[in-house]
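2 protein chains.
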Amino acid sequence: MLKKIAETMAKAGSIAILPHIAADGDAIGSSLALAIGLSGTGKDVRVLLEEKVPQIYSFLPGLELAGLFDADDRRYDLAVALDCGDLERLGSRRTLFEKASITVNIDHHPTNPGFAALDYTDPSCAASAEIIYALLGEMGIDPGNDEATCLYTAIASDTGGFRYSNTTPATHIIASELLIKGIDVADISRRIFDTVSPGKVRLAGEAINSLKLYEDGRIAVIYIPNEAMRRSGAADEDTDGIINIARNINGVEAAAMLREMENGDIRVNLRSNSHVDVSAIASKYSGGGHTRAAGFTVRIGDLEQVGKMLLDDLRGLL
Amino acid sequence: MLKKIAETMAKAGSIAILPHIAADGDAIGSSLALAIGLSGTGKDVRVLLEEKVPQIYSFLPGLELAGLFDADDRRYDLAVALDCGDLERLGSRRTLFEKASITVNIDHHPTNPGFAALDYTDPSCAASAEIIYALLGEMGIDPGNDEATCLYTAIASDTGGFRYSNTTPATHIIASELLIKGIDVADISRRIFDTVSPGKVRLAGEAINSLKLYEDGRIAVIYIPNEAMRRSGAADEDTDGIINIARNINGVEAAAMLREMENGDIRVNLRSNSHVDVSAIASKYSGGGHTRAAGFTVRIGDLEQVGKMLLDDLRGLL
Numbered sequence: 330m331l332k333k334i335a336e337t338m339a340k341a342g343s344i345a346i347l348p349h350i351a352a353d354g355d356a357i358g359s360s361l362a363l364a365i366g367l368s369g370t371g372k373d374v375r376v377l378l379e380e381k382v383p384q385i386y387s388f389l390p391g392l393e394l395a396g397l398f399d400a401d402d403r404r405y406d407l408a409v410a411l412d413c414g415d416l417e418r419l420g421s422r423r424t425l426f427e428k429a430s431i432t433v434n435i436d437h438h439p440t441n442p443g444f445a446a447l448d449y450t451d452p453s454c455a456a457s458a459e460i461i462y463a464l465l466g467e468m469g470i471d472p473g474n475d476e477a478t479c480l481y482t483a484i485a486s487d488t489g490g491f492r493y494s495n496t497t498p499a500t501h502i503i504a505s506e507l508l509i510k511g512i513d514v515a516d517i518s519r520r521i522f523d524t525v526s527p528g529k530v531r532l533a534g535e536a537i538n539s540l541k542l543y544e545d546g547r548i549a550v551i552y553i554p555n556e557a558m559r560r561s562g563a564a565d566e567d568t569d570g571i572i573n574i575a576r577n578i579n580g581v582e583a584a585a586m587l588r589e590m591e592n593g594d595i596r597v598n599l600r601s602n603s604h605v606d607v608s609a610i611a612s613k614y615s616g617g618g619h620t621r622a623a624g625f626t627v628r629i630g631d632l633e634q635v636g637k638m639l640l641d642d643l644r645g646l647l
Numbered sequence: 330m331l332k333k334i335a336e337t338m339a340k341a342g343s344i345a346i347l348p349h350i351a352a353d354g355d356a357i358g359s360s361l362a363l364a365i366g367l368s369g370t371g372k373d374v375r376v377l378l379e380e381k382v383p384q385i386y387s388f389l390p391g392l393e394l395a396g397l398f399d400a401d402d403r404r405y406d407l408a409v410a411l412d413c414g415d416l417e418r419l420g421s422r423r424t425l426f427e428k429a430s431i432t433v434n435i436d437h438h439p440t441n442p443g444f445a446a447l448d449y450t451d452p453s454c455a456a457s458a459e460i461i462y463a464l465l466g467e468m469g470i471d472p473g474n475d476e477a478t479c480l481y482t483a484i485a486s487d488t489g490g491f492r493y494s495n496t497t498p499a500t501h502i503i504a505s506e507l508l509i510k511g512i513d514v515a516d517i518s519r520r521i522f523d524t525v526s527p528g529k530v531r532l533a534g535e536a537i538n539s540l541k542l543y544e545d546g547r548i549a550v551i552y553i554p555n556e557a558m559r560r561s562g563a564a565d566e567d568t569d570g571i572i573n574i575a576r577n578i579n580g581v582e583a584a585a586m587l588r589e590m591e592n593g594d595i596r597v598n599l600r601s602n603s604h605v606d607v608s609a610i611a612s613k614y615s616g617g618g619h620t621r622a623a624g625f626t627v628r629i630g631d632l633e634q635v636g637k638m639l640l641d642d643l644r645g646l647l
């Protein structure tokens, strides 16, 4: 099927590449790598995004081939949904996708149902970028430094820098081949992993100041009142990952972050390290998630009250 | 030479493996991998350490083959200095090394002068573990999950998880081959990169509370008074990496951490991101370092006074 997609792309004159809404490193990096590669063969190619490219990815090559969707109502010979788990992940670009002469769906999410004329999904890939790397090969396009920089960024993003369990031997082989292209690994890594906004740093400080350990340090809880968000000048997305401050403390099995929302709701994020099933607690409060990462939202008291309730639940599972 | 070392090891009955003093992930991981491999071929092999194995590496296989040096005054057929840039890095184990029938020096530090009967140094390797991986191959030892876990830990440690500029295509090829052995990448990564002591987290909070931005956020300074160390319950080594909180803030070019020592000295660490040469400032105060990372110690005032002086220096270089 990848060969068929390569042949079909070779015949198309104009190609729209559509990464998923709220595009992340894999979605953006894969899309730009494919766009640069196709553009080099003379194709009229555009990466059409639902939102602006996040600042963190502004260093990526090929951004001149990308733009916001709303300015574009052309009809393309071929449209590729890239890294989109389903049609909904195209957002408002679904119409553009469906009116293309040929539709292609390239993805690595195991739940992808298939929704295009040509579907290629490979859940064994840690990132869609691994598929794009193979696709460029099928098309006889040898990636240069620019494509390699985009693909490396994509793979590093989706594997947490080769640290998540989705990382495979094949992931490292591809990384090796991308490094041969001369990419600046230290610079890319610093940009995607080490750059933090001043607001997020202040929020981390607030989180640490509020941090409490219970049960001989086996439970760690972070409390974020509304004023802490205001004081730190943090944006909503800056709360991402803050719970890991608690989870990563030596000896901690279960970690929670309680955040007071503007409307009075309390948003609770839960993590565990080895045996506590935090999804059981989330279910109890109509939330969801997995064994090691779950969450829920309640409006049954203030931070302190919800914290007490939650501690009782966590103690019961230790 | 690696082949010669492999042949010599094959002939030795007893082998002492000596990682450098204050052994890090590469020194310990490489030593244990070699010990496990040799032990499997029936050798009497010991890893002799100057200090106890840091808690963070207590999950590594093969620790039953390792111990503190002071209990051991045997004479070995062969002694290997591993990951030791020079003889001094053997510390008090130098005598044991020199009285062995055959001495071997395996290292990747470019400044290694060579000091053994058989020297093998390869500065193109990101970690000494890459050499040990090749050596096991030369000896016909196929690494199992245990050796692979040690080697992966070693390589991940010395490359910052494949993020530093020392990471090469060969590094990723070896990582790929180690993953094939079935190692638990997510677990190893969490243990070596994400585990933080409660004291270090509190110290990070103190650092963030003290953080000041200057010159439109291009300079970031962290101030650690003695009481902050006491309040946080942090150990001395917990200050490692704290300066990166300042360095990693979006927009920061130069970062400094000023720490008040017990004796009244002020220890200053400096980092820069792209153009400021912080070693110039360190030299001015009889310190040392590199363009992007340097430091010095002074006793010419309190935190505030040294901070003001330093800011003047940094402003001049922006």
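Protein chains in written order, with the numbering used here: chain D, 330 to 647; chain X, 330 to 647. Ideal Cβ placement from N, Cα and C applies to all residues, glycine included.
Which one of the options has the shortest CA to CA distance from residue i?
i: Leu478(D); options: Pro439(D), Cys454(D) and Ile509(D); result: Contrary to the premise, residue 478(D) reads as Thr rather than Leu in this sequence. Per the Cα distances, Ile509(D).
i: Met330(D); options: Ala362(D), Gly369(D) and Val433(D); result: Val433(D)
i: Tyr493(D); options: Ile548(X), Leu425(X) and Asp513(X); result: Asp513(X)
i: Gly489(D); options: Gly617(X), Ser518(X), Ser505(X) and Val581(X); result: Ser518(X)
i: Ala339(X); options: Pro348(X), Asp373(X) and Ser359(X); result: Asp373(X)
i: His349(D); options: Ile503(D), Gly580(D), Asp436(D) and Arg621(D); result: Asp436(D)
i: Asp471(X); options: Glu506(X), His438(X) and Ala563(X); result: Glu506(X)
i: Glu633(X); options: Leu347(X), Ser601(X), Gly617(X) and Ile595(X); result: Ile595(X)
i: Ala611(D); options: Thr337(D), Val525(D) and Leu599(D); result: Leu599(D)
i: Ile346(D); options: Ile385(D), Leu639(D) and Leu397(D); result: Leu397(D)
i: Gly654(X); options: Phe522(X), Asp415(X), Gly342(X) and Ala609(X); result: A query on residue 654(X) cannot be resolved here, the shown segment of chain X reaching from 330 to 647 and no further.
i: Ala515(D); options: Asp451(X), Glu582(X), Ser539(X) and Ser603(X); result: Ser603(X)
i: Val597(D); options: Ala564(D), Pro554(D) and Ser453(D); result: Pro554(D)
i: Leu465(D); options: Ile484(D), Met558(D), Ile334(D) and Glu544(D); result: Ile334(D)
i: Phe388(X); options: Ala364(X), Asp475(X), Phe625(X) and Ser526(X); result: Asp475(X)
i: Lys613(X); options: Ser601(X), Asp631(X) and Leu639(X); result: Leu639(X)
i: Ala446(X); options: Ile431(X), Ala483(X), Ala584(X) and Ser486(X); result: Ile431(X)
i: Phe522(D); options: Ile385(D), Ile357(D), Ala536(D) and Ile572(D); result: Ile385(D)
i: Glu467(X); options: Arg423(X), Ala456(X) and Leu367(X); result: Leu367(X)
i: Thr424(X); options: Glu379(X), Ser601(X) and Pro390(X); result: Glu379(X)
Flag residue i as yes if its beta-carbon sits less than 8 Å from any beta-carbon of chain A, otherwise no.
i: Val382(X); result: Of the protein chains in this structure, namely D and X, none is chain A.
Check the Cβ of residue i against every Cβ in chain D and list those closer than 8 Å, keeping chain order.
i: His501(X); result: His501, Ile502, Ala504, Ser505 and Leu508
i: Asp448(X); result: None at all; the shortest Cβ gap to chain D is about 28 Å.
i: Val514(X); result: Phe491, Arg492, Tyr493, Ser494 and Thr496
i: Phe522(X); result: Arg492
I need the DSSP call for residue i, collapsed to helix, strand or coil.
i: Pro442(X); result: coil
i: Val581(D); result: coil
i: Ser359(X); result: helix
i: Lys712(D); result: Past the edges of chain D, shown from 330 to 647, lies residue 712(D), and the structure says nothing about it.
i: Arg560(X); result: helix
i: Leu389(X); result: coil
i: Asn495(D); result: coil
i: Ala477(X); result: helix
What's the C-alpha gap between residue i and residue j?
i: Arg520(D); j: Lys428(X); result: 50 Å
i: Ala281(D); j: Glu417(X); result: Absent from the structure is residue 281(D), since the part of chain D shown begins at 330 and ends at 647.
i: Glu393(X); j: Arg547(D); result: 28 Å
i: Leu480(X); j: His438(X); result: 17 Å
i: Val607(X); j: Glu556(D); result: 37 Å
i: Val581(D); j: Ala549(D); result: 6 Å
i: Arg621(X); j: Ala362(D); result: 31 Å
i: Gly528(D); j: Gly562(D); result: 5 Å
i: Phe625(D); j: Leu646(X); result: 49 Å
i: Val635(D); j: Asp487(D); result: 33 Å
According to DSSP, which residues form a beta bridge with residue i?
i: Asp448(D); result: Asn434(D)
i: Ile291(X); result: A question about residue 291(X) goes unanswered here, because the residues of chain X that appear run from 330 up to 647.
i: Glu589(X); result: Ile595(X)
i: Tyr552(D); result: Leu587(D)
i: Val525(D); result: Ile578(X)
i: Ser615(D); result: According to DSSP, Ser615(D) bridges with nothing at all.
i: Phe625(D); result: Val597(D)
i: Leu397(X); result: Leu378(X)
Run down chain D in chain order and give the residues with a C-beta less than 7 Å from the C-beta of residue i.
i: Ile578(X); result: Val525, Pro527 and Val530
i: Ser518(X); result: Arg492
Could you check if residue i belongs to the surroundings of the ligand SAM, using beta carbon to heavy atom distance under 7 Å?
i: Lys332(X); result: Annotation note on the ligand SAM: not contained in the displayed structure, which lists no ligands.
List, in order along the chain, the chain X residues whose C-beta lies closer than 7 Å to that of residue i?
i: Ala533(D); result: Ile537
i: Ile574(D); result: Val530
At 9 Å on the CB atoms, spell out the chain D contacts of residue i, in chain order.
i: Leu540(X); result: Pro527, Val530, Arg531 and Gly534
What residues of chain X sit near residue i, judged by a beta carbon separation below 9 Å?
i: Gly546(D); result: Pro527
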